[in-house]
Amino acid sequence: MPESDAEKAVLHKCLLGKGDARAIAVEATGLVELLRQIHNLSFVATAALGRLVMASMMMAAQEKGERARVTLKIEGDGPLGEIVADAERAGSVRGYVSKPWVELPLSEEGKWDVSAGVGKRGYLTVIKDVGLREPVVSRVPLISGEIAEDIAYYYVKSEQMPTAVMLGVLQRPSLGVISAGGVMVQLMPGADEAFAEMLEELLKRHGSVSRLAESSQSPRDILETIFDGVDKKWLDSLTFEFGCRCSRKLAEALLLSTSEGEEANDVIEVRCHFCNRVYSFSRDEIKKLKGGE
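This is the structure we're talking about:
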């Protein structure tokens with residue numbers, strides 16, 4: 054668990070203009086650095102997971118109910134494999150990359166090549182658990198593997214909501230993550246077309262949200278900078294920190310549901326993908342769990 058506020062992410066929301074658009078910004082430098090350390094992530098894996106985690110927080114922040122949860126899963130044909138982020142509106146977030154050690158050369162633009170790591174073929178699955186009988190599950194194809202564009206495509210395809218997403222993670226070899234930030238802007242039904250075009254132009258003018266986060270700007274400052282001169286009605290702000298729901302009881306349930314432990318191993322270990330915590334079970338413990346003598 055985080056030891057200080059520096060490892061928490063902060064998110065601010067506002068309405069733009071006459072309520073024609075909703076804007077959300079998140080600053081998550083310390084949180085993404087913590088994830089890098091927990092999973093021993095490569096540079097490209099850090100960039101990919103950082104982007105997806107920030108997207109999950111911004112999406113969870115839009116849901117009603119403190120226990121509302123959004124899980125994002127990317128399954129692309131790139132070498133990073135499966136990437137998962139899970140955010141609860143109450144302020145807990147976690148995530149993992151199935152192949153965190155994979156490293157790739159920089160892109161032609163000199164950036165960590167997230168698209169090559171994720172792959173351009175595959176799917177983004179969005180799972181929303183808002184307390185209904187069953188979670189709402191949507192699945193859309195990846196369009197770029199850059200994650201921000203894929204999230205925006207999900208909103209257009211599945212929720213018919215025009216959305217712009219900016220996600221950035223800035224890293225230095227000797228310093229780790231030095232900034233991580235995200236912005237999401239969504240047009241409300243009936244939004245003025247000229248106003249929408251103006252917002253799009255303002256977003257293009259400030260193309261790097263990680264650079265804005267690097268300048269020690271809060272999420273509110275980021276939105277003020279990007280949408281300078283645009284009327285804003287500030288909504289709530291949220292704080293997220295790393296948190297995992299794994300437990301020894303869940304590990305026991307996993308063992309009971311599989312044949313694991315039926316061999317002659319002296320110790321069986323169950324590792325949580327999200328936090329890397331290891332739960333160890335002796336042969337005697339496994340026999341007891343499975344109802345043996």
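Under my numbering, the residues of the sequence shown are numbered 54 to 346, in order. Even glycine gets a Cβ: it sits at the ideal position worked out from N, Cα and C.
Look at the Cβ atom of residue i, then the Cβ atom of residue j, and state whether they are nearer than 7 Å.
i	j	result
Val238	Ala76	yes
Val236	Gly103	no
Pro272	His92	no
Leu177	Val150	no
Glu319	Arg301	Before going on, a small fix: residue 319 reads as Asp here, not Glu. For Asp319 and Arg301, no; Cβs fall outside 7 Å.
Glu60	Gly83	yes
Val146	Ala100	no
Met111	Val85	no
Leu291	Ala114	yes
Tyr332	Ala306	no
Gly234	Val262	yes
Met107	Leu220	yes
Leu293	Ala62	The residue asked about is misnamed: residue 293 is Phe in this sequence, not Leu. Contact flag set, yes.
Buried or exposed, going by whether 16 or more other CB atoms sit within 10 Å of the CB of residue i?
i	result
Thr124	buried
Trp287	exposed
Asp203	buried
Pro247	The sequence shown places Ala at residue 247, rather than the Pro named in the question. The residue in question, Ala247, is exposed, as its Cβ has fewer than 16 Cβ neighbours within 10 Å.
Pro226	exposed
Ser109	buried
Arg89	buried
Leu185	exposed
Asp182	buried
Gln213	exposed
Trp154	exposed
Leu228	exposed
Ser160	exposed
Ser268	exposed
Round the Cβ separation of residue i and residue j to the nearest angstrom and send it over; I've been treating them as touching at under 8 Å.
i	j	result
Leu256	Ala217	6 Å
Val193	Tyr206	6 Å
Arg174	Asp130	5 Å
Leu252	Ala74	6 Å
Leu157	Gly170	6 Å
Leu342	Leu309	6 Å
Cys67	Lys210	Going by Cβ atoms, the distance from Cys67 to Lys210 rounds to 26 Å, so no, they are not a contact pair.
Phe334	Cys299	In fact, because the Cβ distance is near 14 Å, the residues do not count as touching under 8 Å.
Ala138	Arg122	Not really, about 11 Å apart at Cβ, beyond 8 Å.
Gly148	Leu105	6 Å
Since residue i sits in a beta bridge, which residues does DSSP pair it with?
i	result
Thr292	Val63
Thr216	Gln239
Lys181	Val123, Val189
Gly234	Glu80, Gly221
Tyr208	According to DSSP, which records beta bridges pairwise, Tyr208 is partnered with nothing at all.
Lys430	Residue 430 lies beyond the range of the chain shown here (54 to 346); nothing can be said about it.
Glu135	Glu128
Val283	Paired residue(s): none; Val283 is not in a bridge.
Glu322	Ser333
Ala74	Leu69, Leu240
Gly148	Ala138
Gly260	The partner list for Gly260 (beta bridge, DSSP) is empty, contrary to what the question assumes.
From the DSSP output, in three-state form, read off residue i for me.
i	result
Ala100	helix
Pro226	coil
Gly170	helix
Leu69	strand
Lys343	coil
Phe334	strand
Ala143	coil
Pro194	strand
Leu308	helix
Ala244	coil
Pro55	Low confidence applies to Pro55: its pLDDT is 43, below 50, so where it sits in the model is not reliable, and the reading given next is rough at best. In the structure shown, Pro55 sits in coil (DSSP, three-state: anything other than H, G, I, E or B).
Val155	coil
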